[in-house]
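*Asks:* Quick one: structure below, then a few questions.
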Ligand code: GLU
């Protein structure tokens with residue numbers, strides 16, 4: 423039995439006419455139905471609400487961007503989920519709709535509630551179909567894009583694989599439009615593909631290729647195999663599920679597996695209340711993957727912002743680069759008092775610390 427999160431981008435689900443491409447959706451559903459029938463647990467993260475909305479009304483251009491998003495996503499989401507429901511019912515699969523905002527994952531209690539919800543659906547044989555609740559999400563408090571949302575779900579559900587389907591074959595070692603550019607098929611742990619990636623946002627929804635890559639590396643760092651592949655190629659989902667390496671796609675190799683709490687912390691940086699700048703010795707110790715290090719008060723150089731016990735904080739090195747995120751074991755005043763003390767207890771214990779993969 424495998425557990426897989428599959429994210430399908432708007433550019434896979436819609437054609438040039440801006441309407442939902444039902445043939446494509448049927449083909450992807452057929453593949454997901456095969457996984458479902460053999461007992462694999464799948465979460466489908468489906469974009470396309472705004473795109474579907476654009477195909478249903480043209481009366482939105484006079485609205486401001488927030489109002490456009492609210493209008494288009496609310497009418498489009500109905501169409502999107504209705505289409506998925508009809509398609510999956512032909513395979514006797516019930517779907518359940520989950521519309522999330524970032525705020526729904528604010529605390530560990532929110533997060534566990536969400537995890538529980540997906541478990542309930544899975545245990546009842548229902549396929550969860552997830553999207554961001556764009557109609558009510560606050561600008562500035564949104565997921566970067568559905569890649570981030572799918573990475574978080576894959577991590578939350580402890581999935582073995584995250585498959586991100588878009589309309590190109592993977593990450594290219596140059597401009598995808600240049601015929602001499604090739605797809606980078608394997609990204610081994612600890613290596614970087616950042617230097618190849620074009621900063622262009624074209625065709626990739628809210629995020630761009632750079633964001634896509636960064637998210638993929640972080641998720642692989644959390645212990646999940648990530649695949650960026652072309653949703654219109656033949657049997658993409660099935661071939662990835664069956665580890666068919668002859669498929670042209672980019673695979674980010676999973677690093678060692680993390681605990682459930684660490685996975686939550688990896689994606690909770692959006693809720694950090696403070697930033698702790700650490701000295702060089704502490705930064706070196708935290709980044710050394712060959713040993714296990716907690717952040718001790720003696721490593722603190724400066725604290726920006728405030729925190730209470732159990733809050734999430736970002737940890738940065740002296741140059742200002744964010745290197746980790748973690749949950750603090752004390753409040754700020756106690757932490758500051760301990761900076762000079764002997765035999766200190768960790769401010770952020772290793773078990774509650776996620777060090778960003780170095781790319
Ligand atoms: N939630 C958006 C939609 O369904 C898509 C966001 C994205 O493309 O990442 O239209």
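Numbering (my numbering), first residue to last: 423 to 781.
Backbone N, C-alpha and C fix where the C-beta goes; we use that ideal spot for every residue, glycine too.
Between the Cα of residue 427 and the Cα atoms of 549, 656, 515 and 772, which residue gives the shortest distance?
*Replies:* Here residue 427 refers to the residue found at position 5 when the chain shown is read from its first residue. Taking only the C-alpha atoms, the option nearest residue 427 is 549.
*Asks:* For the stretch 441-468, list the beta strand (DSSP E) runs that are entirely contained and at least 3 residues long, ordered along the chain.
*Replies:* The qualifying runs are 463-468.
*Asks:* Suppose the cutoff is 8 Å on Cβ atoms and the five residues either side in sequence are ignored; what does the same chain contact list for residue 485 look like?
*Replies:* Along the chain shown, one-based indexing puts residue 485 at 63. So the list reads 493, once near-sequence residues are dropped.
*Asks:* Indicate whether the contact test is met: 3 or more Cβ pairs, each with one atom in the stretch 647-667 and one in the stretch 572-591, closer than 8 Å.
*Replies:* Segments in contact, yes.
*Asks:* Compute the Euclidean distance between the alpha carbons of residue 626 and residue 434, then round it to the nearest angstrom.
*Replies:* Here residue 626 corresponds to residue number 204 of the chain shown, with the count starting at 1. Here residue 434 corresponds to residue number 12 of the chain shown, with the count starting at 1. Reliability of the predicted coordinates at residue 626 is poor, the pLDDT of 43 falling under 50, and no value is obtained from them.
*Asks:* How many Å lie between residue 778 and residue 552 at the Cα?
*Replies:* Position 356 of the chain shown, counting from 1, holds the residue named residue 778. Position 130 of the chain shown, counting from 1, holds the residue named residue 552. Each residue's Cα considered, the two are about 26 Å apart.
*Asks:* What residue range is occupied by the uninterrupted beta strand (DSSP E) comprising residue 649?
*Replies:* For the purposes of this step, residue 649 is taken as the residue at position 227 of the chain shown. Taken as a continuous stretch (DSSP letters only), the beta strand (DSSP E) holding residue 649 covers 647-652.
*Asks:* How big is the Cα-Cα spacing for residue 515 and residue 688?
*Replies:* Looking up residue 515 in the chain shown gives position 93. Looking up residue 688 in the chain shown gives position 266. One C-alpha to the other measures close to 32 Å.
*Asks:* If you run the structure through DSSP and keep just helix, strand and coil, what is residue 429?
*Replies:* Translated into the one-based positions of the chain shown, residue 429 becomes position 7. Strand, per DSSP.
*Asks:* Along the beta strand (DSSP E) that carries residue 588, what are the first and last residues, could you check?
*Replies:* Position 166 of the chain shown holds residue 588. Residues 583-588.
*Asks:* For ligand 1, I want to know if residue 511 counts as a neighbour, meaning its beta carbon is within less than 6 Å of at least one of the ligand's heavy atoms.
*Replies:* What you label residue 511 is simply residue 89 of the chain shown in a count that begins at 1. It does not: the Cβ of residue 511 is nowhere closer than 6 Å to a heavy atom of ligand 1.
*Asks:* Looking at residue 696 and residue 747, is the spacing between their C-beta atoms short of 7 Å?
*Replies:* On the chain shown, residue 747 is found 325 positions in, with the first residue counted as 1. On the chain shown, residue 696 is found 274 positions in, with the first residue counted as 1. No.
*Asks:* Can you grab the Cα-Cα spacing for the pair residue 607 / residue 639, in whole Å?
*Replies:* By one-based count along the chain shown, residue 607 stands at place 185. By one-based count along the chain shown, residue 639 stands at place 217. C-alpha separation (whole angstroms): 14 Å.
*Asks:* Decide if residue 538 is buried, meaning its Cβ has at least 16 other Cβ atoms within 10 Å, or exposed.
*Replies:* Residue mapping note: residue 538 aligns to position 116 of the chain shown, counting from 1. Exposed: under 16 other Cβ atoms inside 10 Å.
*Asks:* Can you check DSSP and say which residues form a bridge with residue 749?
*Replies:* By 1-based counting over the chain shown, the position of residue 749 is 327. According to DSSP, which records beta bridges pairwise, residue 749 is partnered with 734.
*Asks:* Whose CA, out of 456, 462, 430 and 473, lies closest to the CA of residue 439?
*Replies:* As a first step, residue 439 must be located in the chain shown, where it is residue number 17. Cα-wise, what sits closest to residue 439 is 473.
*Asks:* Per DSSP, what are the beta-bridge partners of residue 696 in this structure?
*Replies:* Translated into positions along the chain shown, residue 696 becomes position 274. Answer is 727 and 735, bridged to residue 696.
*Asks:* Residue 750 and residue 776 - do their beta-carbons sit closer together than 7 Å?
*Replies:* The residue you call residue 776 lines up with position 354 of the chain shown. The residue you call residue 750 lines up with position 328 of the chain shown. In this structure, residue 750 does not lie closer than 7 Å to residue 776 by Cβ.
*Asks:* Write down every uninterrupted run of the alpha helix (DSSP H) in the stretch 652-695 whose length is 4 residues or greater and which is fully enclosed by it, in chain order.
*Replies:* 658-663 and 682-688, all fully within the stretch 652-695.
*Asks:* Rounded to whole angstroms, what is the Cα-Cα separation between residue 712 and residue 706?
*Replies:* By 1-based counting over the chain shown, the position of residue 712 is 290. By 1-based counting over the chain shown, the position of residue 706 is 284. Near 11 Å, if we compare the C-alpha coordinates of residue 706 and residue 712.
*Asks:* Could you check what DSSP says for residue 627 in three-state terms: helix, strand or coil?
*Replies:* Here residue 627 is taken as the residue at index 205 of the chain shown, counted from 1. With a pLDDT of only 46 at residue 627, under 50, the local geometry of the prediction cannot be trusted, and the value read off the model is given with reservation. Here residue 627 sits in coil by DSSP.
*Asks:* What is the C-beta distance between residue 453 and residue 710, in whole angstroms, given that I count them as a contact (C-beta under 8 Å)?
*Replies:* Locating residue 453 in the chain shown gives position 31, where the first residue counts as 1. Locating residue 710 in the chain shown gives position 288, where the first residue counts as 1. With 8 Å as the limit, residue 453 and residue 710 do not qualify as a contact, their Cβ atoms being about 42 Å apart.
*Asks:* So does residue 589 have its beta carbon nearer than 6 Å to some heavy atom of ligand 1?
*Replies:* Counting from one through the chain shown, the residue named residue 589 turns up at place 167. Not so, every heavy atom of ligand 1 lies at least 6 Å from the Cβ.
*Asks:* Among 567, 491, 682 and 502, whose alpha-carbon lies nearest the alpha-carbon of residue 636?
*Replies:* On the chain shown, position 214 is the one that residue 636 refers to. Considering only alpha carbons, the answer is 567.
*Asks:* What are the partner residues of residue 608, as DSSP defines its beta bridges?
*Replies:* Start at 1 with the first residue of the chain shown, and residue 608 comes out as number 186. Residue 608 pairs with 673.
*Asks:* What do you reckon, is the C-beta of residue 666 under 6 Å from a heavy atom of ligand 1?
*Replies:* For the purposes of this step, residue 666 is taken as the residue at position 244 of the chain shown. Outside the cutoff, so no.
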